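This report refers to the structure that appears directly beneath it.
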Amino acid sequence: MPTFRRLLGFLRPHRRSLWGSMIFAWLAMGMTVLIPWLVGQAVNAVQDSDESQLFWFVGAILVAAVIRLGLTVIRRIVAGRVSLAVEFDLRQEVYAHLMGLELGFFDRNQTGQLMSRATVDLQSIRFFLGYGLIFFSQSILTVALAGVVMFVINPWLALIALAPAPLIVFTALRYTRQSRPAMQEVAQRVAELTAQAEESVAGIRVVKAFAREDHQFERFQGAVDRLFDQSIESTRIQAFFTPLIGALPQIGTALVLLVGGHAVLNGSLDLGQFTAFYTYMLMLAGPLRTVGMALGMGQRAIAAGNRLFEVLDREPELFSKPDAKPLPRGDGAVSLDSVSLSYGPEAPEALHEVNLEVPAGARIAVVGPSGSGKTS
0 MPTFRRLLGF LRPHRRSLWG SMIFAWLAMG MTVLIPWLVG QAVNAVQDSD ESQLFWFVGA
60 ILVAAVIRLG LTVIRRIVAG RVSLAVEFDL RQEVYAHLMG LELGFFDRNQ TGQLMSRATV
120 DLQSIRFFLG YGLIFFSQSI LTVALAGVVM FVINPWLALI ALAPAPLIVF TALRYTRQSR
180 PAMQEVAQRV AELTAQAEES VAGIRVVKAF AREDHQFERF QGAVDRLFDQ SIESTRIQAF
240 FTPLIGALPQ IGTALVLLVG GHAVLNGSLD LGQFTAFYTY MLMLAGPLRT VGMALGMGQR
300 AIAAGNRLFE VLDREPELFS KPDAKPLPRG DGAVSLDSVS LSYGPEAPEA LHEVNLEVPA
360 GARIAVVGPS GSGKTS
C-alpha cells in the first residue's frame with residue numbers, strides 16, 4: 000500500500016483532468032446502465048402491442064448509445080492526456096535524479112538495469128495511472144448501479160444474482176497476493192535482459208575483436224530463457240484467476256434464469272422486467288472481467304513502482320552544500336600525492352597510491368589496458 004499511495008501522488012498535478020476523465024467515464028456508465036432498462040420497456044411495449052411506445056423506447060436506446068459513444072471518446076482523449084503527462088513527469092524526475100547521483104552508483108548498477116526501470120517499469124506505471132484506475136472505478140460503479148437497479152426490479156432475484164460476489168472478492172484478493180511477487184520477478188528478468196543486450200551492443204568492438212560472439216549469444220539466450228520461464232509462471236497465475244473472476248458470475252446467471260423464468264411462467268414477474276434483469280446480468284460480466292484486468296495492471300504497476308523507487312529513494316553520496324561557492328576559473332596546477340580510490344568498502348582499489356603532477360595549461364593523455372583505472 001505505501002507504494003500504491005506514492006504512485007497516486009504522481010496524479011496530484013493532473014487531478015483536474017483525472018476527475019474530468021472519471022466524470023465522463025461515470026456518465027458513459029450511466030448510459031450503459033440505462034440501456035437495459037429501456038430494452039425491458041421496449042419488450043413490454045411489444046407484449047402490449049403498443050407500437051408508439053415501442054418506437055419511443057427504440058429511439059431512446061439509440062440516443063443513449065450515441066451519448067455513450069461521445070462520452071467514451073472524450074474520456075479516452077482526456078485519459079490519454081493524463082497518462083502521457085504522468086509519463087512525462089516520471090521521466091523528468093527519474094532522469095534528473097540519475098544525473099544527481101555519484102559516479103560510484105553507476106559502477107555498482109548495470110546501465111541496462113537502469114534503462115529497464117526508466118522505460119519498461121515506467122510504462123507499466125503509466126498505463127495503470129492513466130487507464131487502469133479509471134477502468135477500475137468505472138467497472139465498480141457499473142456493478143454498484145446495476146445492482147441497485149436489479150434490487151429495484153426484484154430484490155429476491157438480485158440477491159440470487161449477487162450471491163457469488165463474496166467468492167469473487169475472495170478470488171480477486173488471492174489473485175493480487177499471488178501475482179505481485181510474480182510480476183516483480185518478471186520485471187527483474189526484463190531488466191537483466193536489457194542489461195545483457197546493452198552490454199553486448201556497447202562492447203561489440205571488444206566482442207568482435209576477441210571472437211566472443213558465441214559466448215555473448217549464449218549469455219543473452221540464458222537471459223531470454225529466464226525471462227521466458229518467469230513470464231510463463233506469471234501468465235499461468237493470470238490465466239487461472241482472470242477467467243475465474245469472469246466465470247463466477249455465471250453461477251448467478253444460471254440461478255436467475257431458473258428462478259426468474261419460473262416467476263415469468265407463474266405471472267409474478269412480467270417479461271419486460273425479466274428481460275431487463277437478465278440484460279443487467281449479462282452486462283455485469285464485462286465490468287467484472289475489467290476489474291480482474293485492472294487488478295493485474297495494478298500489481299504490475301506496484302511491482303514496477305517498487306523497482307523505480309529503489310532508484311528515486313537513493314540519496315546521493317556526494318552533493319554540494321546549499322551555500323557552496325562556485326569554483327573560480329584559475330591557473331592552478333593539479334597534483335596527486337599517493338591517491339587511492341575504490342567504489343565501495345569491499346570493492347578492490349581502482350587506483351592505488353597514484354602520484355601525478357600536471358602544470359597549469361598542460362594537456363595530458365592517460366593510457367593503459369582495459370580495467371587499469373583510466374576512467375577513475
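Taking numbering that gives the first Met the number 0, I'd label the letters of the sequence shown as residues 0 to 375. Backbone N, C-alpha and C define an ideal beta-carbon position, used for all residues, glycine too. Just so we're clear, the structure is a prediction, and the values are computed from it rather than from any experiment.
Closest Cα partner of P315 within the set L100, L166 and V77:
Counted from its first residue, the sequence shown places residue 315 at position 316. Cα-wise, what sits closest to P315 is L100.
I need the boundaries of the alpha helix (DSSP H) containing E217, first residue and last residue.
Numbered from its first residue, the sequence shown carries residue 217 at position 218. That run of the alpha helix (DSSP H) goes E212 to A246.
Residue range of the alpha helix (DSSP H) that F123 falls in?
Numbered from its first residue, the sequence shown carries residue 123 at position 124. Residue identity differs from the one stated: residue 123 is Ser in this sequence, not Phe. Bounds of the alpha helix (DSSP H) holding S123 are L121 to F126.
Taking the beta carbon of T289 as the centre, do at least 16 other beta carbons fall within 10 Å, making it buried, or is it exposed?
In the sequence shown, counting from the first residue as 1, residue 289 sits at position 290. Buried: at least 16 other Cβ atoms inside 10 Å.
Kindly list the residues whose CB is nearer than 7 Å to the CB of A78, restricted to its own chain and excluding five residues on each side of it in sequence; keep chain order.
Locating residue 78 in the sequence shown gives position 79, where the first residue counts as 1. Taking C-beta separations shorter than 7 Å and ignoring five residues to either side along the sequence, the partners of A78 in its chain run S20, G129, Y130 and I133, following chain order.
Check for me: the alpha helix (DSSP H) holding L10 runs from which residue to which?
Along the sequence shown, read from residue 1 onward, the residue named residue 10 stands at position 11. Looking at the DSSP string, L10 is not in any alpha helix (DSSP H), and its letter there is neither H nor E.
Judging by CA-CA distance, which residue of Y174, G8 and A190 is the nearest neighbour of S115?
On the sequence shown, residue 115 is found 116 positions in, with the first residue counted as 1. Among Y174, G8 and A190, the Cα nearest to that of S115 is on A190.
In the structure shown, what three-state DSSP assignment does V366 receive?
As a first step, residue 366 must be located in the sequence shown, where it is residue number 367. Looking at V366 - three-state DSSP - the assignment turns out to be coil, as it is neither helix nor strand.
Identity of the residue in G103, E232 and S51 nearest S178 by Cα:
As a working mapping, residue 178 is identified with position 179 in the sequence shown. Looking at the Cα atoms, E232 is the closest of the given residues.
Looking at C-alpha atoms only, which residue of H13, V93, M292 and I34 is the closest neighbour of L61?
Taking the first residue of the sequence shown as position 1, residue 61 is located at position 62. Considering only alpha carbons, the answer is I34.
Inter-residue Cα distance where the pair is A164 and T274:
Numbered from its first residue, the sequence shown carries residue 164 at position 165. Numbered from its first residue, the sequence shown carries residue 274 at position 275. Here the alpha carbon of A164 sits roughly 22 Å from the alpha carbon of T274.
Between the Cα of L102 and those of R5, A323 and G343, spot the shortest distance and give me the residue it belongs to.
On the sequence shown, position 103 is the one that residue 102 refers to. Of the listed residues, the one whose Cα sits closest to L102 is G343.
Just reading off the beta strand (DSSP E) that A44 is part of, what are its end residues?
Walking along the sequence shown from the start, residue 44 turns up at place 45. For A44, no beta strand (DSSP E) segment is defined; the enclosing uninterrupted segment is the alpha helix (DSSP H) at R14 to Q46.
Do F150 and A160 have their C-beta atoms within less than 7 Å of each other?
In the sequence shown, counting from the first residue as 1, residue 150 sits at position 151. In the sequence shown, counting from the first residue as 1, residue 160 sits at position 161. No; because the gap between Cβ atoms is not below 7 Å, this pair is not in contact.
Bridge-paired residues (DSSP) for S334:
By one-based count along the sequence shown, residue 334 stands at place 335. Paired residues: E356.
Across the stretch 109-126 and the stretch 183-199, are there enough close Cβ pairs to call them in contact, namely three or more that are closer than 8 Å?
Under the 8 Å Cβ criterion, the stretch 109-126 counts as touching the stretch 183-199, having at least three qualifying pairs.
Taking the alpha-carbon positions, what's the V57 to S51 distance?
Locating residue 57 in the sequence shown gives position 58, counting from the first residue. Locating residue 51 in the sequence shown gives position 52, counting from the first residue. Taking the straight line from one Cα to the other gives about 10 Å.
CA-CA distance, V185 and R299?
In the sequence shown, the residue the question calls residue 185 occupies position 186. In the sequence shown, the residue the question calls residue 299 occupies position 300. Roughly 9 Å between the two C-alpha positions.
Rank V45, I244, A253 and F126 by C-alpha distance to the C-alpha of Y277 and give the top, closest one.
Position 278 of the sequence shown, counted from the first residue, corresponds to residue 277. Minimum Cα-Cα distance from Y277 among the listed residues V45, I244, A253 and F126 corresponds to A253.
How far does the alpha helix (DSSP H) with L97 in it extend, from its first residue to its last?
Translated into the one-based positions of the sequence shown, residue 97 becomes position 98. Unbroken alpha helix (DSSP H) run through L97: E50 to G99.
Starting from E198, trace the alpha helix (DSSP H) both ways and give me its first and last residue.
Here residue 198 refers to the residue found at position 199 of the sequence shown. It spans A164 to A201 - the alpha helix (DSSP H) in which E198 sits, taken as one unbroken run.
Residues bridged to E348 (per DSSP)
Here residue 348 corresponds to residue number 349 of the sequence shown, with the count starting at 1. Looking at the DSSP output, E348 sits in a beta bridge with S341.
So what does DSSP say about P321, is it helix, strand or coil?
Counting from 1 along the sequence shown, the entry for residue 321 is found at position 322. Judged by DSSP in its simplified three-state form, P321 adopts coil rather than helix or strand.
The alpha helix (DSSP H) that contains E309, what's its start and end?
Within the sequence shown, residue 309 is the residue found at index 310, counting from 1. First-last of the alpha helix (DSSP H) with E309: L270 to L311.
If you follow the alpha helix (DSSP H) that P327 is in, where does it begin and where does it stop?
Here the question's residue 327 lines up with position 328 in the sequence shown. For P327, there is no enclosing alpha helix (DSSP H), since its DSSP letter is neither H nor E.
Relative to the C-alpha of P248, which residue among I73, N108, P12 and L166 is closest?
Taking the sequence shown and counting its residues from 1, the one referred to as residue 248 is at position 249. Cα-wise, what sits closest to P248 is L166.
Going by DSSP in three states, L161 sits in which element: helix, strand or coil?
Within the sequence shown, numbered from 1, the residue matching residue 161 stands at position 162. For L161, the secondary structure class from DSSP, reduced to helix, strand or coil, is coil.
Between the alpha carbons of M182 and W25, how many angstroms are there, rounded?
In the sequence shown, counting from the first residue as 1, residue 182 sits at position 183. In the sequence shown, counting from the first residue as 1, residue 25 sits at position 26. Spanning the two alpha carbons is a distance of roughly 30 Å.
Integer Cβ distance of N305 from T2, believed to fall under 8 Å
Within the sequence shown, numbered from 1, the residue matching residue 305 stands at position 306. Within the sequence shown, numbered from 1, the residue matching residue 2 stands at position 3. At roughly 6 Å, the Cβ-Cβ gap stays under 8 Å, so N305 and T2 are in contact.
For A246 and F105, the rounded distance between their alpha carbons:
For the purposes of this step, residue 105 is identified with residue 106 of the sequence shown, where counting begins at 1. For the purposes of this step, residue 246 is identified with residue 247 of the sequence shown, where counting begins at 1. Distance between the alpha carbons of F105 and A246 is about 48 Å.
Helix, strand or coil at S115 [DSSP, three-state]
As a first step, residue 115 is located in the sequence shown; it is residue number 116 there, counting from the start. In the three-state reduction of the DSSP assignment, S115 falls in the helix class.
Cα-Cα, which of W18, R204 and F209 is closest to R80?
Taking the first residue of the sequence shown as position 1, residue 80 is located at position 81. Looking from the CA of R80, the closest CA among W18, R204 and F209 belongs to W18.
Would you kindly work out how many angstroms separate the C-alpha atoms of S16 and P321, rounded to a whole number?
Taking the first residue of the sequence shown as 1, we reach residue 16 at position 17. Taking the first residue of the sequence shown as 1, we reach residue 321 at position 322. Spanning the two alpha carbons is a distance of roughly 36 Å.
Using a Cβ distance threshold of 8 Å, determine whether the stretch 222-238 contacts the stretch 197-214, with at least three qualifying pairs required.
Put simply, the stretch 222-238 does not touch the stretch 197-214. Fewer than three CB pairs are less than 8 Å apart.
CA nearest to the CA of E92, picked from D312, K373, D330 and E348:
For the purposes of this step, residue 92 is taken as residue 93 along the sequence shown, with counting starting at 1. Closest in alpha carbon position to E92, among D312, K373, D330 and E348, is D312.
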